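Sequential numbering from 290 applies to the sequence shown in the working numbering. Structure record follows, encoded as structure tokens.
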Amino acid sequence: MKLIRRTTLRFQDGTSDKVYEVDIVEAADDSYLVNFRYGRSGKPLTEGSKTAAPVDSAKAKKVADSLLVSKMNKGYQVLMGYNPVTGETIGASAAAQAEAAPRKGKKAQSRDQQILERLQKFAEGDTHADSTGLIDGYSLSRSVWKAGELRIPDLTTALQAVLANLPAKAKDDAMTYYSIAWAAGRTRDPAAFGVLQPLQDKIPAHLYQFACLQVGQSPESVLPAFDQTLDAVQAIEAIQAFDHYAAMSFDRVNKEDRAYIQQVLHWHGLTAAVEQALSQTVLADADQDFMQLRVDAASYATIQANKAAVPELEPAIMDVLRYHYNALLDQKKHEYQADFDLYTQLLAGMNLETVLANDTWNIARANEGNVQYLWGDSKRNLQNALKATGKVKNISSLWQRVINYYELQSKRQQEVSADRLQQCYAILQTHDAYHDVVNRVVRKINVDRWFYGYQHDIDAAIRSKYDTSLAYHVRRLFMDRFADLRQEALQPKEQLLEHYSQHVVNLYALASIQPDKRAVAFAAIQHAPVNQSFTASFRKLYKMAEFLDDHEALAVLNHRLETTPDDGRRQSWREENPSFTQQSKRYLRRRTVRHLRNLGKFSPNDYLQLAREVLVLADDASPVAQRTPKKQLIHFPDLVAMNFILHRHSHLYEQDYKGAWFLQENRQNEANQPEAFATLWAYAGQDLLYVLRHCKAAMVNDFAYRRLQPQTAFLQEQAQATWLELVVRPYENTALLALEHLRDSLQQTDVVFALLSAKFAAIRHHGLANLTPEHFAENPDLLLDLLLSPHDDVQLFAKNYVYAMPNNHTLLPLLLARPEPALQALGIALIGKLSDAEKREYRVLLFNALTDENAELRRGARMAVLSVNDTDFQKEIFAHILPVLFKAEPVDGYSDDMLAIVQAVTPIHAEIDQNLLWRLLTAKSKLAERAGALILPAHPASAFSIKQLAMLTKIPTLQVRTWAMAALQADSTRVTEQFAEAVRILDNRWDDTRTQAIALFAAFAADFWTSERVVAVCDQVYHDVQQFGRELVLRGFEHGESEHYLLQLSQHPANNVQLFVSNFLQQYASGKPDTILKLQGYFNTVLSQVNRGRLVKDRVIAFLFTESGKDEQVARMVASLFSEQSLSRVIADKARYIKTLFELQNRYGIQQTPVHVIAPAVRAF
290 MKLIRRTTLR FQDGTSDKVY EVDIVEAADD SYLVNFRYGR SGKPLTEGSK TAAPVDSAKA
350 KKVADSLLVS KMNKGYQVLM GYNPVTGETI GASAAAQAEA APRKGKKAQS RDQQILERLQ
410 KFAEGDTHAD STGLIDGYSL SRSVWKAGEL RIPDLTTALQ AVLANLPAKA KDDAMTYYSI
470 AWAAGRTRDP AAFGVLQPLQ DKIPAHLYQF ACLQVGQSPE SVLPAFDQTL DAVQAIEAIQ
530 AFDHYAAMSF DRVNKEDRAY IQQVLHWHGL TAAVEQALSQ TVLADADQDF MQLRVDAASY
590 ATIQANKAAV PELEPAIMDV LRYHYNALLD QKKHEYQADF DLYTQLLAGM NLETVLANDT
650 WNIARANEGN VQYLWGDSKR NLQNALKATG KVKNISSLWQ RVINYYELQS KRQQEVSADR
710 LQQCYAILQT HDAYHDVVNR VVRKINVDRW FYGYQHDIDA AIRSKYDTSL AYHVRRLFMD
770 RFADLRQEAL QPKEQLLEHY SQHVVNLYAL ASIQPDKRAV AFAAIQHAPV NQSFTASFRK
830 LYKMAEFLDD HEALAVLNHR LETTPDDGRR QSWREENPSF TQQSKRYLRR RTVRHLRNLG
890 KFSPNDYLQL AREVLVLADD ASPVAQRTPK KQLIHFPDLV AMNFILHRHS HLYEQDYKGA
950 WFLQENRQNE ANQPEAFATL WAYAGQDLLY VLRHCKAAMV NDFAYRRLQP QTAFLQEQAQ
1010 ATWLELVVRP YENTALLALE HLRDSLQQTD VVFALLSAKF AAIRHHGLAN LTPEHFAENP
1070 DLLLDLLLSP HDDVQLFAKN YVYAMPNNHT LLPLLLARPE PALQALGIAL IGKLSDAEKR
1130 EYRVLLFNAL TDENAELRRG ARMAVLSVND TDFQKEIFAH ILPVLFKAEP VDGYSDDMLA
1190 IVQAVTPIHA EIDQNLLWRL LTAKSKLAER AGALILPAHP ASAFSIKQLA MLTKIPTLQV
1250 RTWAMAALQA DSTRVTEQFA EAVRILDNRW DDTRTQAIAL FAAFAADFWT SERVVAVCDQ
1310 VYHDVQQFGR ELVLRGFEHG ESEHYLLQLS QHPANNVQLF VSNFLQQYAS GKPDTILKLQ
1370 GYFNTVLSQV NRGRLVKDRV IAFLFTESGK DEQVARMVAS LFSEQSLSRV IADKARYIKT
1430 LFELQNRYGI QQTPVHVIAP AVRAF
């Protein structure tokens, strides 16, 4: 039996979704049956027949048509197949095409005939056209384009007729010629070459070449010679590098500006340095700090300083201009002085607060004469008050003259004295600027002009001497240099771009007739950029892919178009607009959607082919994928074509005015079939299956799954290879669908292997459950593959299988020879199950694994080697890991593993060399220090000197510090004997250790603390230790040692110790000149303190003030100290210093001080 015709109907109303199919089947020669099937969509269908016995063809068609019409009258719609009402056949899937050649229905035939008839009318001249040149509302170019788009049969003849007698208005229309060539090429009729030949000079070359190839012309006669060996990717990279620099803005420097900049450089002595830097500059420097890169350090510092070569010149010029400008103002003001004096006199005689209603702003303006900003009542009231005085004859005249006076007054510049003017003249003479400024610019001064405009009238040669924009000028020279370099570098760009364009376009044209060139051409298309210099070649590729109905290439080009940012809008003010503008991108987007819409209407099979290629390019991992704010759903706002296909009738997705699609998260109910041309997908099983196999977006997968799942009959027909491919897809619904169709084959080896590679544990579980020893026997590499699986459950199963194997040690050579760390770790684990003697045979392998960066390897090796109970073996282990203890941690967890090994070899800790232990404890490596801390308790404290123990109390590791302090506390005898070394523990940054050390020393007897030992404690830098030292001083102070304490502690820089020392000054230093002189350093330190130590400073000043009157040597020391401090900003201190110095001058005649007494002048009256 052979299927002749099948029509599928569908009925949808609310939740009701039913399908009805009517088939005409050939039972025997010239005898047919009419069968039908019906039921709910996606469910098994009930079958029946309308013919009890075979009938002839006409009868079968009549019965089938009658049945179809009856169902359509009940609300069913034709989903696929023949429509008896319109005579049209709605496109079938690719599978159906193989069974029966497509034929056009009556409606399609009628449409084609109408277009041909319209073309015939155009061929008859202008007799049928209206005033605008249209026939039936259609232009000639549009009619021809539509005919080519539909590939109407016998179109060549019509095109020849049209071309032979073109309407007058079409002869100058380039679009008409383009459409004719486009339609002729799509006919693929060799006779159409006669249509193309006359158009060669009227259409783009690439269209002519593509069209000629499609109508059977040889490539040699059509395509120009081009370099087929050109590496398109390298050419793209080179052109993009050119575009990078072409997009940069490099301003040119004109001749006049260049001369001025050269003068500026000359005055700074930078001419040679800058010229050398410019000569060494290359175009790539534009991406860096080019000045710092190319200019020598000294010159670069000068440039960045932006200082004038003659800094005093500009102020001198400006002061000269100010002087003369003010002089002119004063002269002009004299005209209005009498009126302004009258105005101020009248104001003094009135109550302005009353006149101006206490408006402080208006009162201030009136007092200064700025009356032009008085308006309304304020202006009127003040003018009336002035007139009321009877001294103003013309208030309007007075008002304006006051304004004129104020404006002149407000223009006055800073006053310049006559002496300053003469200084300025001298400076101008020195720098050859006097003539230009005084004799030229000053004469141009006019009070009606803005003062600061005159500085621009200074001659450029003079301005260059005080120009401070040095960095700006040098940068301009570099920009000009970059412009020259770019011009040179871009010369080969046009030729390279031409070669690239010819290569990619002609290669694609050649591939359209030579399938062996398809792979290379398609690779070039995949890499084809859209923007900048590539836009022209991209548009050619795009239009020719559309011309050829090359859906795969068109989808790729559209995807690159939609994912490439545009170069901005086309603007009239731009000298050169970007080629890939925002408008261009939106147009090409709309063109793709329009093409999809036309295919859906007129060529359903092509629509499905293009749609599926567009869908599979969407990628959840791409930058264009976005997540919605609330539900974090992935969607693609910028993929317009994809959204049109999936969401054309959606209730949840909408398109904004820019063309982007967005998701309305607050909406809940989606349309039953939101996609465009939903009916075409109902039996497009092969296309949906293609989407499921290749898609990279969950949204696309879910669409294909939803539309394919109801097609049960199609799914049942699929081969096992299809399901093996789908079961490993990263989408759970698709993988589970594949699993359902594999359930009857779960024991087969290929199926088991596929299930084990699935992305979901529930599916892998079926594969693990069906694994048998036979599978491993059939495939020796299976076990290794499972051990290397990226899935933890599969790895665990494989490892357990290995452990359970008898004689699994036979796998050791295989596992250990593999480069994968996971397999090596398993081999190490198997070694761990061997005897100690056998483990020693793998000593080198185990030791290397101990220090490997792979954590699993280290863990397995550690367990294996530490299970060997042999001290000699443990010594070898420690010797192997010793070098890595002094290195930085390569990976996280490495140090912990090494320390675990050191901890595990405790029996050999006592035998480790003392010097090696000291190296570990004092190493910069934290790992070595921590390892030493583990070994340290096995060694006696007596093996370390007091100095070493004191150093160990400063180690960062708490365990070491605690051990060292305990050793010191337990051996107080050695501590007292070697106090000079033991006192080091007080100089300790660790608070806890310092507290223990203070407690240790505090327990010593009072007679132990000599003055030298107390001072040694006080000399420490930590506050709590200093406090302990002061307590020792107070507790064991002997009067005979007072001077020793005073002199020793005075050398300490800490504020609190200095304050402590000041307690002893009055009692133990007063009246002792020798002691006081020895304390000069202490006094100087205290007095030099800023904003601190007020109490100790007051004590010292008072002490020195008193003692300076007792001894001349002390007085001279005090004079020296106070002279240095007399510049103090503290007024109280300065007064005391000056008072003391004055008294010392009077008492001892000390003159080497900053204080000088000036005798008052004697005047006679």
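Built from N, CA and C at the ideal position, the CB exists for glycine as well. These numbers were taken from a predicted model, which means no experiment stands behind them.
{"Query": "Round the Cβ separation of residue 323 and residue 353 to the nearest angstrom and send it over; I've been treating them as touching at under 8 Å.", "Result": "5 Å"}
{"Query": "Within the chosen definition, does the segment 810 to 818 reach the segment 834 to 846 through at least 3 CB pairs nearer than 8 Å?", "Result": "yes"}
{"Query": "Which residues in the same chain have their Cβ closer than 8 Å to the Cβ of residue 888, if we skip the five residues on either side of it in sequence?", "Result": "895, 896 and 899"}
{"Query": "Can you tell which of 635, 342, 665 and 667 has the C-alpha that lies nearest to the C-alpha of residue 678?", "Result": "635"}
{"Query": "What is the DSSP secondary structure of residue 324, reduced to helix, strand or coil?", "Result": "strand"}
{"Query": "Report the three-state DSSP secondary structure of residue 753 (helix, strand or coil).", "Result": "helix"}
{"Query": "Going along the chain, which residues of its own chain have a beta-carbon closer than 7 Å to the beta-carbon of residue 317, five neighbours each way excluded?", "Result": "343"}
{"Query": "Between residue 1128 and residue 1153, how many whole angstroms is the CB-CB distance? I'm expecting something under 8 Å.", "Result": "6 Å"}
{"Query": "Any idea which residues DSSP pairs residue 300 with across the strands?", "Result": "307"}
{"Query": "If you follow the alpha helix (DSSP H) that residue 338 is part of, which residue opens it and which one closes it?", "Result": "Note, residue 338: premise wrong, no alpha helix (DSSP H); beta strand (DSSP E) at 335 to 338."}
{"Query": "Classify residue 1309 as helix, strand or coil using the three-state DSSP reduction.", "Result": "coil"}
{"Query": "So residue 366 is in the beta strand (DSSP E); what residue range does that whole segment cover?", "Result": "366 to 371"}
{"Query": "Please confirm whether residue 310 and residue 326 have their CB atoms less than 8 Å apart.", "Result": "yes"}
{"Query": "Would you call the CB atoms of residue 770 and residue 570 closer than 8 Å?", "Result": "yes"}
{"Query": "Our contact map puts residue 365 next to residue 299 with C-beta atoms below 8 Å; I'd like the distance itself, whole angstroms only.", "Result": "7 Å"}
{"Query": "When you compare the CB of residue 737 with every CB in chain B, is at least one pair closer than 8 Å?", "Result": "Absent here is chain B; the protein component of the structure consists of one chain."}
{"Query": "Suppose only complete runs of 4+ residues qualify. What are the alpha helix (DSSP H) ranges in the segment 708 to 748, listed by chain order?", "Result": "none"}
{"Query": "Closest by CA to residue 1270, which one among 1286, 949, 1411 and 624?", "Result": "1286"}
{"Query": "Tell me whether residue 660 is buried or exposed, calling it buried when 16 or more other Cβ atoms sit within 10 Å of its Cβ.", "Result": "buried"}
{"Query": "Give me the residue from 1042, 966, 986 and 796 with the minimum Cα distance to residue 498.", "Result": "796"}
{"Query": "Need the endpoints of the alpha helix (DSSP H) that residue 1021 sits in, please.", "Result": "1021 to 1029"}
{"Query": "Kindly indicate which residue of 1080, 765 and 357 has the alpha-carbon position closest to the one of residue 544.", "Result": "765"}
{"Query": "I'd like to check one pair, residue 1146 with residue 1110: are the Cβ atoms closer than 8 Å?", "Result": "yes"}
{"Query": "Go ahead and pull the three-state DSSP assignment for residue 923.", "Result": "strand"}
{"Query": "Which stretch, first to last residue, makes up the alpha helix (DSSP H) that contains residue 943?", "Result": "Run containing residue 943: none in the alpha helix (DSSP H); it sits in the beta strand (DSSP E), 942 to 944."}
{"Query": "Please name the residue, chosen from 1059, 573 and 1053, that lies closest to residue 1084 on a Cα-to-Cα basis.", "Result": "1053"}
{"Query": "Among the candidates 358, 1012, 749 and 330, whose CA atom is the shortest distance from the CA of residue 1047?", "Result": "1012"}
{"Query": "Whole angstroms are fine: how far does the CA of residue 598 sit from the CA of residue 756?", "Result": "7 Å"}
{"Query": "Beta strand (DSSP E) containing residue 951: first to last residue?", "Result": "950 to 952"}
{"Query": "When you compare the CB positions of residue 549 and residue 753, do they come within less than 8 Å of one another, or not?", "Result": "yes"}
{"Query": "For the alpha helix (DSSP H) that contains residue 593, what are its first and last residues?", "Result": "586 to 594"}
{"Query": "Using C-beta distances below 8 Å, list every residue in its chain close to residue 1414, excluding the 5 sequence neighbours before and after it, in chain order.", "Result": "1376, 1377, 1422 and 1426"}
{"Query": "Which stretch, first to last residue, makes up the alpha helix (DSSP H) that contains residue 668?", "Result": "665 to 677"}
{"Query": "Taking 7 Å as the limit between beta carbons, can you name the residues of its chain near residue 959, skipping five residues before and five after?", "Result": "939, 940 and 941"}
{"Query": "Could you check what DSSP says for residue 427 in three-state terms: helix, strand or coil?", "Result": "strand"}
{"Query": "Taking C-alpha atoms, which residue in 516, 1060 and 606 lies nearest to residue 748?", "Result": "606"}
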